[in-house]
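Presented below is the structure to which this report refers.
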């Protein structure tokens with residue numbers, strides 16, 4: 017190597033000669049030390065060192081947040097195994113478990129759980145009577161009056177009548193058997209085409225219906241993972257804003273895709289395209305942007321992300337699950353937005369929930385692709401199964417044809433002009449609430465709302481106290497973290513007469529109360545959000561969250577004072 021370089025660059029190259037003069041003694045020492053080994057031993061050592069190096073490289077590649085964060089987690093994980101600390105943690109978790117179960121039992125209002133099938137069937141009339149008397153009464157929160165952020169997007173009595181009549185006709189249908197149920201097969205294709213057209217897809221655009229936004233996002237991630245595999249990428253990675261929906265994290269966990277969370281601008285809460293671009297590498301299988309994001313309601317700069325996607329030849333997914341059926345109509349409703357859909361050449365897929373601002377029954381969403389070349393990677397097939405050739409477009413095998421039919425019926429019933437009118441009402445209401453929040457000096461908008469989400473924080477008091485106070489006034493708002501905040505997702509129900517005004521008045525009243533007496537104990541939800549942000553090991557927070565899910569499925573009744581219960 018030395019002679020080769022000198023012959024190429026010249027033997028009189030002073031710098032090169034100086035370098036070799038310093039390297040030669042080191043090289044000689046290494047060769048002297050290696051002389052003690054047989055050649056086969058050197059081969060084995062080289063192979064082992066290469067293997068260890070590759071394993072360490074893969075270990076580093078698999079780290080989500082860097083080596084330092086991993087080491088901190090491991091230290092905390094080991095410390096939890098110390099007897100005194102482990103006992104303390106288990107004791108606190110046990111208290112939390114019992115507290116959550118108590119809360120669930122209280123919400124049952126004394127009604128015991130059904131543990132077994134009745135010996136004799138109740139019949140239709142008795143079953144309906146039981147539902148009315150023992151289950152409907154459990155709902156304390158009157159969501160029909162607009163007291164809930166998001167969740168229920170439009171409880172229209174006429175739509176309820178329509179969808180229940182449609183359900184009667186399609187209750188037993190299943191699009192898995194397209195030859196048996198050609199009606200729902202046709203309806204699903206038409207729903208996908210209508211939604212693709214809303215997002216300016218051409219005749220090659222396509223998609224499927226899904227059960228919700230999480231499935232839509234996960235299917236897109238699965239499709240891009242398969243595409244990456246076909247290109248020889250063995251360890252796919254995705255790059256998303258830190259505000260992107262948790263469904264991306266779920267997909268990363270399920271499909272073994274490394275996920276990079278890109279920080280957003282602290283003022284706009286939008287991702288910076290230049291920063292996002294710095295996370296892209298040869299393993300990147302997709303990037304994503306939100307339109308809008310769930311926490312703060314900001315639309316990421318999709319136009320710039322599209323350019324990055326084109327430059328790097330990487331798929332770009334636009335998550336419009338939350339506001340898809342608003343942003344598609346905002347221009348016609350008189351509101352300007354930057355481009356966010358298939359009009360941008362880099363956008364390869366879009367997720368849009370019909371069961372939010374599309375006002376269809378829960379359990380329907382649409383995942384759209386620019387072409388079938390992307391969609392086919394979403395599909396699954398088992399062609400050698402003894403039961404026959406198995407193929408499915410989404411995660412489920414059998415699907416509820418009734419949901420497809422009710423979605424189709426809802427879209428057809430409301431129509432384009434109907435959606436435009438509702439969109440205008442919602443955006444006008446959102447801007448009314450936004451202006452009111454800006455006028456409360458103790459509150460600060462977390463970002464300028466682009467669509468229907470108004471998020472706010474406070475430097476004057478613990479924002480979770482406001483969450484508690486609004487809850488006591490009958491409102492159900494969303495708690496935010498990292499940073500702490502509260503938001504309301506404005507829906508059709510908030511456009512009803514007097515609802516937005518009542519919200520603003522209650523908000524002002526709650527802030528005034530907090531400023532005059534801020535020494536009250538935090539409520540349970542507020543206390544949880546305050547405490548979790550100071551815990552270094554997030555696995556403990558996950559344990560608490562899982563305990564809540566366990567409590568929801570718990571059917572153990574606590575005996576009442578007289579030893580009997582009613583059912």
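In the numbering used here, the protein residues as written are 17 to 583. We put the beta carbon where it would ideally sit given N, CA and C, even for glycine. Computed from a prediction, not measured in an experiment: that's the story for all the values here.
Problem - Cβ contact check for the segment 289-302 and the segment 244-259: 3 or more pairs under 8 angstroms - result: yes
Exercise for the section: Look at the alpha carbon of residue 581 and the alpha carbon of residue 380, and state the distance between them as a whole number of angstroms. Expected result: Reliability fails at residue 581, whose pLDDT of 43 lies under 50, so the model's placement of it is uncertain and the value that follows must be treated cautiously. Going from the Cα of residue 581 to the Cα of residue 380 covers about 39 angstroms.
Practice task
Using beta-carbon positions only, say whether residue 120 and residue 558 come within less than 8 angstroms of one another.
Solution key: no
Practice task
Within the same chain, show all residues whose beta-carbon is closer than 6 angstroms to that of residue 363, passing over the 5 residues directly before and after it, in chain order.
Solution key: 322, 332 and 334
Problem - As assigned by DSSP and simplified to three states, the class of residue 327 - result: helix
Problem - Under 8 angstroms between C-beta atoms of residue 312 and residue 462 - result: yes
Exercise for the section: Please report the residue range of the alpha helix (DSSP H) in which residue 253 lies. Expected result: Per DSSP, residue 253 belongs to no alpha helix (DSSP H); it is in the beta strand (DSSP E), 253-257.
Problem - Residues of its chain near residue 441, where Cβ-Cβ distance is below 8 angstroms and the 5 sequence neighbours each way are ignored - result: 508 and 511
Exercise for the section: Measure the CB-CB distance between residue 324 and residue 355 and report whether it falls below 8 angstroms. Expected result: no
Practice task
Would you list the residues sitting across from residue 305 in a DSSP beta bridge?
Solution key: 334
Handout entry: Close-in-space but distant-in-sequence residues of the same chain around residue 246 (CB under 7 angstroms, 5 per side omitted)
Key = none
Exercise for the section: Measure the alpha-carbon distance for residue 473 versus residue 458 and round it to whole angstroms. Expected result: 9 angstroms
Handout entry: Terminal residues of the beta strand (DSSP E) in which residue 494 lies
Key = 494-496
Practice task
Check residue 193 in the structure and name its three-state DSSP category.
Solution key: coil
Problem - Among 90, 318 and 217, the one whose alpha carbon lies nearest that of residue 287 - result: 318
Exercise for the section: Examine the Cβ distances between the segment 373-387 and the segment 169-188 and report whether three or more of them are shorter than 8 angstroms. Expected result: yes
Problem - residue 361 CB to nearest heavy atom of the ligand ADP below 7 angstroms - result: Of the ligands one can find in the structure shown there are none, so the ligand ADP has no counterpart to examine.
Exercise for the section: Output the distance between the C-alpha atoms of residue 6 and residue 406, rounded to the nearest integer angstrom. Expected result: The structure shown does not extend to residue 6, since the chain is modelled only from 17 through 583, so no value can be given for it.
Problem - Given 8 angstroms, three or more beta-carbon pairs between the segment 231-247 and the segment 204-212 - result: no
Practice task
Indicate whether the contact test is met: 3 or more Cβ pairs, each with one atom in the segment 392-403 and one in the segment 139-159, closer than 8 angstroms.
Solution key: no
Handout entry: Element boundaries [beta strand (DSSP E), containing residue 238]
Key = Run containing residue 238: none in the beta strand (DSSP E); it sits in the alpha helix (DSSP H), 229-246.
Problem - Cβ-based neighbour list, residue 479, same chain, cut-off 7 angstroms, excluding 5 preceding and 5 following - result: 473, 500, 501 and 502
Problem - Where the beta strand (DSSP E) containing residue 385 begins and where it ends - result: 381-385
Practice task
Select from 200, 439 and 46 the residue whose C-alpha is nearest the C-alpha of residue 424.
Solution key: 200
Practice task
Taking 8 angstroms as the threshold, find out whether the segment 172-186 comes into contact with the segment 513-530 through three or more Cβ pairs.
Solution key: no
Handout entry: Through-space distance from residue 471 to residue 348, alpha-carbon basis
Key = 25 angstroms
Handout entry: Spatially closest choice to residue 572 from 128, 220 and 521, by CA coordinates
Key = 128
Handout entry: Length-filtered (4 minimum) alpha helix (DSSP H) runs lying within the segment 409-485
Key = 417-454
Exercise for the section: Keeping to the same chain, check which residues put their C-beta closer than 8 angstroms to that of residue 281; ignore five residues upstream and five downstream. Expected result: 287 and 288
Practice task
Note down the Cα distance separating residue 116 from residue 497, rounded to an integer number of angstroms.
Solution key: 21 angstroms
Problem - Alpha-carbon to alpha-carbon, residue 48 and residue 635 - result: Because the chain spans 17 through 583 in this model, residue 635 falls outside it and cannot be assessed.
Handout entry: Between the CA atoms of residue 232 and residue 411 - distance to the nearest angstrom
Key = 10 angstroms
Exercise for the section: Count the other CB atoms, across all protein chains shown, that sit within 10 Å of the CB of residue 475; report buried if there are 16 or more and exposed otherwise. Expected result: exposed
Exercise for the section: Give the DSSP-derived three-state secondary structure of residue 127 in the structure shown. Expected result: strand
Problem - Exposure label - residue 8; buried when at least 16 CB within 10 Å - result: Coverage of the chain is limited to positions 17 through 583, which leaves residue 8 absent and any answer about it impossible.
Handout entry: The beta strand (DSSP E) enclosing residue 343, as first and last residue numbers
Key = Segment 340-346 is the alpha helix (DSSP H) holding residue 343; no beta strand (DSSP E) there.
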